[in-house]
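S.K.:
Number of protein chains: 2
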Amino acid sequence: MESFFSFLEKRVDDCSSLLCIGLDPHISDLKEPTAASALDFCLTLIKQTAPYAAAFKPNAAFFEVFGAEGWTALKHVIEAVGEESARMGSRIPVILDAKRGDIASTAEAYAQSAFDHLGADCVTVSPYLGKDSVDPFIQNSEKGVFLLCKTSNAGSMDLQNLLVMPMGSDTPMPLYMYVAKLAREWNEKNNVGLVVGATHPQIMEMIRAAAPGVWFLSPGVGAQGGELELALKAGLRKDGKGILLPVSRSIARAQNPGQAAAELRDEIVNIRRQQFQI
Amino acid sequence: MESFFSFLEKRVDDCSSLLCIGLDPHISDLKEPTAASALDFCLTLIKQTAPYAAAFKPNAAFFEVFGAEGWTALKHVIEAVGEESARMGSRIPVILDAKRGDIASTAEAYAQSAFDHLGADCVTVSPYLGKDSVDPFIQNSEKGVFLLCKTSNAGSMDLQNLLVMPMGSDTPMPLYMYVAKLAREWNEKNNVGLVVGATHPQIMEMIRAAAPGVWFLSPGVGAQGGELELALKAGLRKDGKGILLPVSRSIARAQNPGQAAAELRDEIVNIRRQQFQI
Numbered sequence: 247m248e249s250f251f252s253f254l255e256k257r258v259d260d261c262s263s264l265l266c267i268g269l270d271p272h273i274s275d276l277k278e279p280t281a282a283s284a285l286d287f288c289l290t291l292i293k294q295t296a297p298y299a300a301a302f303k304p305n306a307a308f309f310e311v312f313g314a315e316g317w318t319a320l321k322h323v324i325e326a327v328g329e330e331s332a333r334m335g336s337r338i339p340v341i342l343d344a345k346r347g348d349i350a351s352t353a354e355a356y357a358q359s360a361f362d363h364l365g366a367d368c369v370t371v372s373p374y375l376g377k378d379s380v381d382p383f384i385q386n387s388e389k390g391v392f393l394l395c396k397t398s399n400a401g402s403m404d405l406q407n408l409l410v411m412p413m414g415s416d417t418p419m420p421l422y423m424y425v426a427k428l429a430r431e432w433n434e435k436n437n438v439g440l441v442v443g444a445t446h447p448q449i450m451e452m453i454r455a456a457a458p459g460v461w462f463l464s465p466g467v468g469a470q471g472g473e474l475e476l477a478l479k480a481g482l483r484k485d486g487k488g489i490l491l492p493v494s495r496s497i498a499r500a501q502n503p504g505q506a507a508a509e510l511r512d513e514i515v516n517i518r519r520q521q522f523q524i
Numbered sequence: 247m248e249s250f251f252s253f254l255e256k257r258v259d260d261c262s263s264l265l266c267i268g269l270d271p272h273i274s275d276l277k278e279p280t281a282a283s284a285l286d287f288c289l290t291l292i293k294q295t296a297p298y299a300a301a302f303k304p305n306a307a308f309f310e311v312f313g314a315e316g317w318t319a320l321k322h323v324i325e326a327v328g329e330e331s332a333r334m335g336s337r338i339p340v341i342l343d344a345k346r347g348d349i350a351s352t353a354e355a356y357a358q359s360a361f362d363h364l365g366a367d368c369v370t371v372s373p374y375l376g377k378d379s380v381d382p383f384i385q386n387s388e389k390g391v392f393l394l395c396k397t398s399n400a401g402s403m404d405l406q407n408l409l410v411m412p413m414g415s416d417t418p419m420p421l422y423m424y425v426a427k428l429a430r431e432w433n434e435k436n437n438v439g440l441v442v443g444a445t446h447p448q449i450m451e452m453i454r455a456a457a458p459g460v461w462f463l464s465p466g467v468g469a470q471g472g473e474l475e476l477a478l479k480a481g482l483r484k485d486g487k488g489i490l491l492p493v494s495r496s497i498a499r500a501q502n503p504g505q506a507a508a509e510l511r512d513e514i515v516n517i518r519r520q521q522f523q524i
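Chains P and D supply the protein sequences, listed in that same order. Start counting the first sequence at 247; every next residue gets the next number (the working numbering). Start counting the second sequence at 247; every next residue gets the next number (the working numbering).
(1) Given this structure, state the Cα-to-Cα distance separating P/ASP343 from P/LYS256, to the nearest angstrom.
(2) Given a threshold of 16 other Cβ atoms within 10 Å of its Cβ, counted over all protein chains shown, does P/GLU354 qualify as buried or as exposed?
(3) Can you confirm whether P/HIS446, when its beta carbon is compared against all beta carbons of chain D, has any partner nearer than 8 Å?
(4) Between which two residues does the alpha helix (DSSP H) harbouring D/GLN312 extend?
(5) Using a Cβ-Cβ cut-off of less than 9 Å, give me the residues of the segment 263-291 of chain D that come near chain P, in sequence order.
(6) Is D/PRO304 helix, strand or coil by DSSP?
(7) Please list the residues of the segment 404-420 of chain D that have a C-beta atom closer than 8 Å to any C-beta atom in chain C, keeping them in chain order.
(8) Check whether the Cβ atoms of D/LEU320 and D/LEU364 sit closer than 8 Å, and answer yes or no.
(9) Just to confirm, is the Cβ distance from P/ILE292 to P/VAL258 under 8 Å?
(10) In angstroms, rounded to a whole number, what distance separates the CA positions of D/PRO447 and P/LYS389?
(11) Name the DSSP beta bridge partners of D/CYS261, please?
(12) Can you pull the chain D neighbours of P/SER372, defined as C-beta to C-beta under 7 Å?
(13) Looking only at its chain, what residues have a beta carbon closer than 8 Å to the beta carbon of D/SER262, apart from the 5 residues adjacent to it on each side?
(14) Would you list the residues sitting across from P/CYS368 in a DSSP beta bridge?
(15) Run through the DSSP bridge pairs and tell me what P/PHE361 is partnered with.
(16) Under the assumption that D/PHE308 contacts D/ALA284 (Cβ atoms under 8 Å), give the Cβ distance between them as a whole number of angstroms.
(17) Going by Cα to Cα distance, which pick from P/ILE267, P/PHE302, P/ARG454, P/TYR298 is closest to P/SER496?
(18) Judging by CA-CA distance, which residue of D/LYS396, D/MET411, D/SER402, D/THR290 is the nearest neighbour of D/MET452?
(19) With DSSP as the reference, please indicate the residues paired to P/MET411 in a beta bridge.
(20) Need the endpoints of the beta strand (DSSP E) that D/ASP486 sits in, please.
(21) What does a CB cutoff of less than 6 Å around D/SER398 pick up in its chain, not counting 5 residues either side in sequence?
(22) Name, going along the chain, the residues of the segment 347-365 of chain P whose beta-carbon falls closer than 8 Å to a beta-carbon of chain D.
(23) Within a Cβ cutoff of 8 Å, which residues of the same chain sit near P/ARG499, ignoring the five residues on either side of it in sequence?
(24) With distances taken Cα to Cα, identify the nearest neighbour of P/ALA296 among P/LEU269, P/CYS368, P/ALA314.
(25) State yes or no: is the C-beta of D/VAL441 within less than 8 Å of the C-beta of D/THR370?
(26) Does the Cβ of D/THR318 have 16 or more other Cβ atoms within 10 Å, making it buried, or fewer, making it exposed?
(27) When you compare only the Cα positions, how much space is there between P/SER473 and P/GLY481?
(28) Is there at least one Cβ from chain D nearer than 8 Å to P/TYR424's Cβ?
(29) Just the Cα atoms here: how many angstroms apart are D/ASN433 and D/LEU254?
(30) Strictly below 8 Å CB to CB, what residues from chain P border D/TRP461?
(31) Measuring only the C-alpha atoms, how far is D/LYS377 from P/GLN523?
(32) Whole-angstrom Cβ separation of D/ALA360 and D/PRO382, contact assumed at under 8 Å?
(33) Which of the three DSSP states, helix, strand or coil, is assigned to P/LYS396?
(34) If we call anything under 8 Å between Cβ atoms a contact, is P/VAL460 one with P/ILE384?
(35) How would you list, in chain order, the residues of chain D whose beta-carbon sits under 7 Å from the beta-carbon of P/ARG311?
(36) Quick one: residues in its chain with C-beta nearer than 8 Å to the C-beta of P/ASP404, no 5 flanking neighbours on either side, listed in chain order?
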């Protein structure tokens, strides 16, 4: 049985890309404020960018806002990634960006919804409720999570940067470092990654040192203003992998999204080549 | 304009109850594993328990697991609470238990989904992403949030009990106390409450001391084993209000859910009377 991150790495090799194309049908980007228009938006983006996509990441909120029809659209979007994968002969993982986090029996229902009903391969999950709230998502090694660690928004300072004193230690560390430590422990099946904003390269570097093998999902390149090269230098693993870079608006709003994705992919290839001779 | 917690307090007075009836259609409790059966389950429970319900609390996970049909059922469930309220002449708030938490532009979509599309009055929200992730839910004082603080599950120890050192302070405090402090600051419009498990009465007492006016949503009475009297003594405000007690399985699985709710309501009335002569 293949673990989620083995599956992702296979795809990264197939397309020489670390891009995670965000499928975020913001109402302001749609022709009409309808689920049908959201679906159209995503299907077009999938077709245009699939060759350069190490993964696709639909955000549940932008579908949920259309109610039941939005939910149907989300299911179709995930199916469309499967069809595009079959056409290309290389399966592309789908990360459902839903930031779930609830007590175990409820988390089981969320996991069933994301993996069995919708057919996603991975979900973003909050660590705030602890290990038992994450377990239902990582029982099956083929499915994975990215655990919120240090997010890219300004408000991430409020809790995530607090200095904490772990039990049995007298050395304080930021909460995000503690979450990184937990992720490393919880990653027994190679299916636990971390959300680490590309907007904080120095922090990214610290988290990489604490969790050398763990995959990062690192938003902030593009619309949120992270600098690509700094982020890659700070966060790539020694094998030149280990970061997925979610991009949504900067690609979706380009005149030619396929070309924009290709160019960004190539820029990443160049940086990786310079740094790792790969 | 009435704030969310003024609205809730009016309902608490109308029904002399602090019960928050959980609408959690676990598949194992349904006649068939379908959205229609989930809807039936909830509509029956609403009819049986409405006179004793200070609030209703559907958990999104148990609807989402049925996909688009589940989402339609959730909308109908919330509408049914409105119809039952109209019949009784006393409006019952609906708290959507969804534990949302995302960056601001995404949180806006979640808020729109919960409040505008589904018609809920309040949402449970995670504090992990900070103030800007909570803001979209509390702009309108008529709508509210319960912020996850100290949850009732065993895993709540993992992060929530960590000792943190707030900036400019050299006195460590548990993370949940820090979240309580934040909630008190963020509660400018009387629409920010806290999730504080009834399973930890001593912690509840500490949080009450730190946030004397804030409403708690306190799961753990019933199936999760909290002791009712201890929890009320630890967490009630000086006015004998300030705690909503979510109950789901212990009521839903009773032979006569209406009677079970009435009895539990009366037990709470008695404890409040003994303690506060109200």
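Think of the CB as a built atom: it goes at the ideal place given N, C-alpha and C, for glycine as much as any other residue.
M.R.: Short version:
(1) The sequence position of residue 343 of chain P within the first sequence is 97, counting from 1. The sequence position of residue 256 of chain P within the first sequence is 10, counting from 1. Taking the straight line from one Cα to the other gives about 21 Å.
(2) The sequence position of residue 354 of chain P within the first sequence is 108, counting from 1. Buried: at least 16 other Cβ atoms inside 10 Å.
(3) Translated into positions along the first sequence, residue 446 of chain P becomes position 200. No - not a single Cβ of chain D is within 8 Å of the one on P/HIS446.
(4) Along the second sequence, read from residue 1 onward, the residue named residue 312 of chain D stands at position 66. A small fix is needed here, since residue 312 of chain D is Phe in this sequence, not Gln. It is not in any alpha helix (DSSP H) - D/PHE312 carries neither H nor E in the DSSP assignment.
(5) ASP270, HIS272, ILE273
(6) Within the second sequence, the letter at position 58 stands for residue 304 of chain D. D/PRO304 falls in the strand class under three-state DSSP.
(7) The structure shown contains no chain C; its protein chains are P and D.
(8) In the second sequence, counting from the first residue as 1, residue 320 of chain D sits at position 74. In the second sequence, counting from the first residue as 1, residue 364 of chain D sits at position 118. Their beta carbons are under 8 Å apart, which means D/LEU320 touches D/LEU364 by this criterion.
(9) For the purposes of this step, residue 292 of chain P is taken as residue 46 along the first sequence, with counting starting at 1. For the purposes of this step, residue 258 of chain P is taken as residue 12 along the first sequence, with counting starting at 1. Cβ distance not < 8 Å, so P/ILE292 and P/VAL258 don't count as in contact.
(10) Residue numbering aside, residue 447 of chain D sits at position 201 when the second sequence is read from its first letter. Residue numbering aside, residue 389 of chain P sits at position 143 when the first sequence is read from its first letter. In a straight line, the C-alpha of D/PRO447 is about 37 Å away from that of P/LYS389.
(11) Walking along the second sequence from the start, residue 261 of chain D turns up at place 15. Paired residue(s): none; D/CYS261 is not in a bridge.
(12) As a first step, residue 372 of chain P is located in the first sequence; it is residue number 126 there, counting from the start. The contacting residues are GLY347, SER372, TYR374.
(13) Counting from one through the second sequence, the residue named residue 262 of chain D turns up at place 16. For D/SER262, where only same-chain residues beyond five positions count, the Cβ hits under 8 Å are ARG511, VAL515.
(14) As a working mapping, residue 368 of chain P is identified with position 122 in the first sequence. Answer is P/ILE341, P/GLY390.
(15) As a first step, residue 361 of chain P is located in the first sequence; it is residue number 115 there, counting from the start. Answer by DSSP bridge pairing: none, since P/PHE361 is not bridged.
(16) Taking the second sequence and counting its residues from 1, the one referred to as residue 308 of chain D is at position 62. Taking the second sequence and counting its residues from 1, the one referred to as residue 284 of chain D is at position 38. Correct: roughly 7 Å between the Cβ atoms.
(17) Within the first sequence, the letter at position 250 stands for residue 496 of chain P. If we check each option's Cα against that of P/SER496, P/ILE267 comes out closest.
(18) For the purposes of this step, residue 452 of chain D is identified with residue 206 of the second sequence, where counting begins at 1. That would be D/LYS396, whose Cα lies nearest to the Cα of D/MET452.
(19) Counting from one through the first sequence, the residue named residue 411 of chain P turns up at place 165. D/LEU409.
(20) Stepping through the second sequence from its first residue, residue 486 of chain D is reached at position 240. Per the sequence shown, residue 486 of chain D should be read as Gly rather than Asp. From DSSP, D/GLY486 is part of no beta strand (DSSP E); its letter is neither H nor E.
(21) Position 152 of the second sequence, counted from the start, is the residue given in the question as residue 398 of chain D. Correct list, in chain order: GLY443, THR445, PRO465, GLY466, GLN470.
(22) GLY347, ASP348, ILE349, ALA350, SER351, THR352, ALA353, ALA355, TYR356, GLN358, SER359, HIS363, LEU364
(23) Translated into positions along the first sequence, residue 499 of chain P becomes position 253. So the list reads ASP275, once near-sequence residues are dropped.
(24) Here residue 296 of chain P refers to the residue found at position 50 of the first sequence. The option with the nearest alpha carbon to P/ALA296 is P/LEU269.
(25) On the second sequence, position 195 is the one that residue 441 of chain D refers to. On the second sequence, position 124 is the one that residue 370 of chain D refers to. Taking 8 Å as the Cβ cut-off, D/VAL441 and D/THR370 qualify as a contacting pair.
(26) As a first step, residue 318 of chain D is located in the second sequence; it is residue number 72 there, counting from the start. Flag for D/THR318 reads buried.
(27) Position 227 of the first sequence, counting from 1, holds the residue named residue 473 of chain P. Position 235 of the first sequence, counting from 1, holds the residue named residue 481 of chain P. Looking at the sequence itself, residue 473 of chain P is Glu, so the reference to Ser does not match. Answer to the nearest angstrom: the Cα atoms are 12 Å apart.
(28) Residue mapping note: residue 424 of chain P aligns to position 178 of the first sequence, counting from 1. Cβ-Cβ to chain D under 8 Å: yes for P/TYR424.
(29) What you label residue 433 of chain D is simply residue 187 of the second sequence in a count that begins at 1. What you label residue 254 of chain D is simply residue 8 of the second sequence in a count that begins at 1. Their backbone Cα atoms lie some 15 Å apart in a straight line.
(30) Walking along the second sequence from the start, residue 461 of chain D turns up at place 215. Residues of chain P passing the Cβ test: none, with the nearest at roughly 20 Å.
(31) Position 131 of the second sequence holds residue 377 of chain D. Position 277 of the first sequence holds residue 523 of chain P. Each residue's Cα considered, the two are about 42 Å apart.
(32) Translated into positions along the second sequence, residue 360 of chain D becomes position 114. Translated into positions along the second sequence, residue 382 of chain D becomes position 136. That pair is no contact at about 10 Å.
(33) Your numbering for residue 396 of chain P matches position 150 in the first sequence. Strand, per DSSP.
(34) As a working mapping, residue 460 of chain P is identified with position 214 in the first sequence. As a working mapping, residue 384 of chain P is identified with position 138 in the first sequence. Their beta carbons are not under 8 Å apart, which means P/VAL460 does not touch P/ILE384 by this criterion.
(35) Mapped onto the first sequence, residue 311 of chain P falls at position 65. Before going on, a small fix: residue 311 of chain P reads as Val here, not Arg. Within 7 Å Cβ-Cβ: ALA355, GLN358, SER359, HIS363.
(36) Numbered from its first residue, the first sequence carries residue 404 of chain P at position 158. Cβ within range, chain order: n/a, list empty.
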